[in-house]
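Numbering (the working numbering), first residue to last: 42 to 527. Heads up, the beta-carbon is just placed ideally off N, CA and C, and yes, glycines get one too. Quantities reported herein were computed from a predicted structural model and do not represent experimental measurements. Worksheet: one structure, shown below.
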């Protein structure tokens, strides 16, 4: 019996040594290549993850083959605990309430999906990529194919504009990215079908893009697209506080030419040189575990409720500007991104008469970029339209996973002052402006066919269809002609 156990133990040690050498070889080759994505990306083999999971099962088995009874009992206890945690993880995945988008990206091509720190676009799709978005929402699951063309735009290659047609560009953030909805059902493709052969639509967006990044992309890509019209979709998070979000967060990294146009972005050398390392991928994979997400959501919710009690909602919406500034000064926006989002949403939902100075400053910064965009388009005789996307919290008081995360299940935010502020800006510039809130607020909201994904927070196929139906008559009205200088 002991000989048999010793033989098994030797084979386990051989397995351990082989695993260690194999993982070192994979890591060494990728390190030598210098990209961190070679074998790891091509064959889905992460050496750090392989080594970790090897120890999870090999070490308890080695302990169970020991001649020491205490080691055997301890290893049995450890293995039982691991198995129970795996069962709990699987069970949690089927229970509602874990706060995350519910979507999982699966790369179908080599390299990274996004260039996180891009000195040209700040962040944008890399060209010629192919990935799948696995949407996992309560009561709805789908796998959506995303193909990125040579320009870094989702969809087919863009050729010369057909004679006798007009070409429109829809530009925005993740609502226009729409990677969780089939390409044929996105707002741009639905509009194209409504117009028939008379117009063609290019749709491009990226997560958390805002006017500065949209202006930068348009200046670089717009001249070669033969555009007749540009429609920029604005969302509330364009004007939120914090680093790495909104124009306030992106501007410190931007460099401008003498005309005031962005010419690129500069990052700290240590940040811009970061690679998607094996260890970084391992940490990212742990962040997808339901056990971790439940714990993380609980900790964040507890901290948020301590600083922003759920009973303070209406009070915060009405308090004077100075008091509002003082209330949000307890937050650290650099470290608490979710808290910055909540404060930004509250700030833009308040009446413009009581807006605080920081909110006005953020809007003035974005309006500067929008005005620059308007001037550039007007000089090229390209029509310019602005559209404001409503925040889902404005549309219904029903509880959603996002609201539950913040502990604000019963809060329904008002239409707020952002729409009025942007409408006034558009009137001063003679720009057509459309607020989607009235149409979305009046639309029926059946539980089995929502306008927004409950967890993801973006438009469903029905949301894209309603937006296209609302946009179609708006875009059919010719924009006002700017006054000519005498």
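query = Hey, quick one: how far does the alpha helix (DSSP H) through residue 483 stretch, first residue to last?
reply = Residue numbering aside, residue 483 sits at position 442 when the chain shown is read from its first letter. For residue 483, the enclosing alpha helix (DSSP H) has its first and last residue at 478-483.
Pair within 8 Å by beta-carbon distance, residue 288 and residue 158 = Here residue 288 corresponds to residue number 247 of the chain shown, with the count starting at 1. Here residue 158 corresponds to residue number 117 of the chain shown, with the count starting at 1. Taking 8 Å as the Cβ cut-off, residue 288 and residue 158 do not qualify as a contacting pair.
ask   = Mapping DSSP to helix, strand and coil, what is residue 376?
value = Within the chain shown, the letter at position 335 stands for residue 376. Note on residue 376: pLDDT 48, under 50, position unreliable in the model; the coordinate value appears next. Coil.
Completely contained alpha helix (DSSP H) runs for the segment 245-322, where each covers 4 or more residues = Counting only runs of 4 or more, we get 252-262, 287-291 and 310-313.
task = Give the single residue among 478, 349 and 497 whose Cα lies nearest to the Cα of residue 507.
result = Locating residue 507 in the chain shown gives position 466, where the first residue counts as 1. Measuring from the Cα of residue 507, the nearest candidate turns out to be 478.
query = Thinking just about the alpha-carbon of each residue, which of 261, 232 and 329 is nearest to the one in residue 161?
reply = On the chain shown, position 120 is the one that residue 161 refers to. Of the listed residues, the one whose Cα sits closest to residue 161 is 261.
ask   = The beta strand (DSSP E) with residue 426 in it runs from where to where?
value = The residue given as residue 426 occupies position 385 in the chain shown. Residue 426: member of the beta strand (DSSP E) spanning 424-429, first to last residue.
inquiry  = Can you confirm whether the segment 419-434 touches the segment 391-404 when touching is taken to mean that 3 or more C-beta pairs between the two stretches lie within less than 8 Å?
reply    = At 8 Å Cβ cutoff, the stretches do not touch.
query = If you compare alpha carbons, which of 224, 211, 408 and 228 is closest to residue 530?
reply = Beyond the ends of the chain as shown, which are 42 and 527, falls residue 530; an answer cannot be given.
request  = Please look up how many angstroms separate the CB atoms of residue 273 and residue 213, rounded, as I've assumed it's under 8 Å.
outcome  = As a working note, residue 273 is residue 232 in the chain shown. As a working note, residue 213 is residue 172 in the chain shown. With 8 Å as the limit, residue 273 and residue 213 qualify as a contact, their Cβ atoms being about 7 Å apart.
ask   = In the structure shown, what three-state DSSP assignment does residue 184 receive?
value = As a first step, residue 184 is located in the chain shown; it is residue number 143 there, counting from the start. Looking at residue 184 - three-state DSSP - the assignment turns out to be strand.
Endpoints, beta strand (DSSP E) assigned at residue 145 = As a working mapping, residue 145 is identified with position 104 in the chain shown. 144-148 is the extent of the beta strand (DSSP E) around residue 145.
inquiry  = For residue 181 and residue 331, I'd like the C-alpha separation in whole angstroms.
reply    = Residue mapping note: residue 181 aligns to position 140 of the chain shown, counting from 1. Residue mapping note: residue 331 aligns to position 290 of the chain shown, counting from 1. Roughly 18 Å separates the two Cα atoms.
message = So, with DSSP's three-state summary, where would you put residue 158?
response = As a working note, residue 158 is residue 117 in the chain shown. Residue 158 falls in the strand class under three-state DSSP.
request  = Give a yes or no on whether the C-beta atoms belonging to residue 221 and residue 497 are separated by under 8 Å.
outcome  = The residue you call residue 221 lines up with position 180 of the chain shown. The residue you call residue 497 lines up with position 456 of the chain shown. Yes, the pair counts as a contact, with Cβ atoms nearer than the cut-off.
query = Is it right to say residue 468 is buried, meaning 16 or more other beta carbons lie within 10 angstroms of its own, or is it exposed?
reply = In the chain shown, the residue the question calls residue 468 occupies position 427. Classification for residue 468: exposed.
query = Using DSSP with H/G/I as helix, E/B as strand and the rest coil, what is residue 499?
reply = The count along the chain shown starts at 1 and reaches residue 499 at position 458. Here residue 499 carries a coil assignment [DSSP, helix/strand/coil].
ask   = On the three-state DSSP scale, how would you describe residue 486?
value = Position 445 of the chain shown, counted from the start, is the residue given in the question as residue 486. In the three-state reduction of the DSSP assignment, residue 486 falls in the coil class, being assigned neither a helical nor a strand state.
key: Cα-Cα separation between residue 91 and residue 176, rounded to whole angstroms   = Within the chain shown, residue 91 is the residue found at index 50, counting from 1. Within the chain shown, residue 176 is the residue found at index 135, counting from 1. Answer to the nearest angstrom: the Cα atoms are 26 Å apart.
inquiry  = What does the Cβ neighbour count give for residue 326, buried or exposed, with the cut at 16 atoms within 10 Å?
reply    = Numbered from 1 along the chain shown, position 285 holds the residue referred to as residue 326. Exposed is the label assigned to residue 326, since fewer than 16 other Cβ atoms lie within 10 Å of its Cβ.
message = Could you tell me the alpha carbon to alpha carbon distance between residue 471 and residue 333, rounded to whole angstroms?
response = In the chain shown, the residue the question calls residue 471 occupies position 430. In the chain shown, the residue the question calls residue 333 occupies position 292. CA-to-CA, the gap between residue 471 and residue 333 works out to about 50 Å.
task = Check whether the segment 275-283 touches the segment 229-236, counting contact only when three or more Cβ pairs, one atom from each stretch, lie closer than 8 Å.
result = Contact fails: fewer than three Cβ-Cβ distances are below 8 Å.
query = In chain order, which alpha helix (DSSP H) runs of at least 4 residues are fully inside the segment 192-241?
reply = Fully enclosed alpha helix (DSSP H) runs of 4 or longer: 215-218 and 228-236.
ask   = Looking only at its own chain, which residues have a Cβ that is under 8 Å from the Cβ of residue 169, when we skip the five neighbours before and after it?
value = Start at 1 with the first residue of the chain shown, and residue 169 comes out as number 128. Taking C-beta separations shorter than 8 Å and ignoring five residues to either side along the sequence, the partners of residue 169 in its chain run 150, 189, 190 and 191, following chain order.
Residue 389 - DSSP class collapsed to helix/strand/coil = Counted from its first residue, the chain shown places residue 389 at position 348. It is helical.
Whole-angstrom distance between residue 225 and residue 77, CA atom to CA atom = Reading the chain shown from its first residue, position 36 is the one you call residue 77. Reading the chain shown from its first residue, position 184 is the one you call residue 225. Low per-residue confidence applies at residue 77: pLDDT is 47, beneath 50, and the placement is therefore not dependable, though the value from the model is reported in the following sentence. Each residue's alpha carbon lies about 34 Å from the other.
task = Give a yes or no on whether the C-beta atoms belonging to residue 400 and residue 388 are separated by under 8 Å.
result = Stepping through the chain shown from its first residue, residue 400 is reached at position 359. Stepping through the chain shown from its first residue, residue 388 is reached at position 347. Cβ distance < 8 Å, so residue 400 and residue 388 count as in contact.
inquiry  = Under DSSP, the beta strand (DSSP E) around residue 173 begins and ends at which residues?
reply    = As a working note, residue 173 is residue 132 in the chain shown. 171-178 is the extent of the beta strand (DSSP E) around residue 173.
request  = Out of 69, 103, 125 and 87, point me to the one whose CA is closest to residue 57's CA.
outcome  = Along the chain shown, read from residue 1 onward, the residue named residue 57 stands at position 16. Of 69, 103, 125 and 87, the residue nearest in Cα terms is 103.
inquiry  = Measuring only the C-alpha atoms, how far is residue 455 from residue 293?
reply    = Along the chain shown, one-based indexing puts residue 455 at 414. Along the chain shown, one-based indexing puts residue 293 at 252. Straight-line Cα distance between these residues: approximately 32 Å.
query = By DSSP, does residue 349 sit in helix, in strand, or in coil?
reply = As a working note, residue 349 is residue 308 in the chain shown. If DSSP states are grouped into helix, strand and coil, residue 349 belongs with coil.
request  = List the whole-angstrom C-beta distance separating residue 322 from residue 87, where the pair is believed to meet the contact cut-off of C-beta under 8 Å.
outcome  = Locating residue 322 in the chain shown gives position 281, counting from the first residue. Locating residue 87 in the chain shown gives position 46, counting from the first residue. Sure, about 5 Å apart at Cβ, within 8 Å.
inquiry  = For residue 265 and residue 420, what's the separation of their Cα atoms in angstroms?
reply    = Walking along the chain shown from the start, residue 265 turns up at place 224. Walking along the chain shown from the start, residue 420 turns up at place 379. Rounded to the nearest angstrom, the two C-alpha atoms are 15 Å apart.
ask   = Is residue 319 closer than 8 Å to residue 89 when the C-beta atoms are compared?
value = Here the question's residue 89 lines up with position 48 in the chain shown. Here the question's residue 319 lines up with position 278 in the chain shown. Yes, Cβ-Cβ distance for residue 89 and residue 319 is below 8 Å.
key: Own chain, CB closer than 8 Å to residue 99, minus 5 neighbours either side, in chain order   = Your numbering for residue 99 matches position 58 in the chain shown. Within the same chain, residue 99 has close Cβ partners 53, 56, 57 and 60.
request  = For the beta strand (DSSP E) containing residue 166, list its first residue and its last residue.
outcome  = Counting from one through the chain shown, the residue named residue 166 turns up at place 125. Residue range 163-166 is occupied by the beta strand (DSSP E) that includes residue 166.
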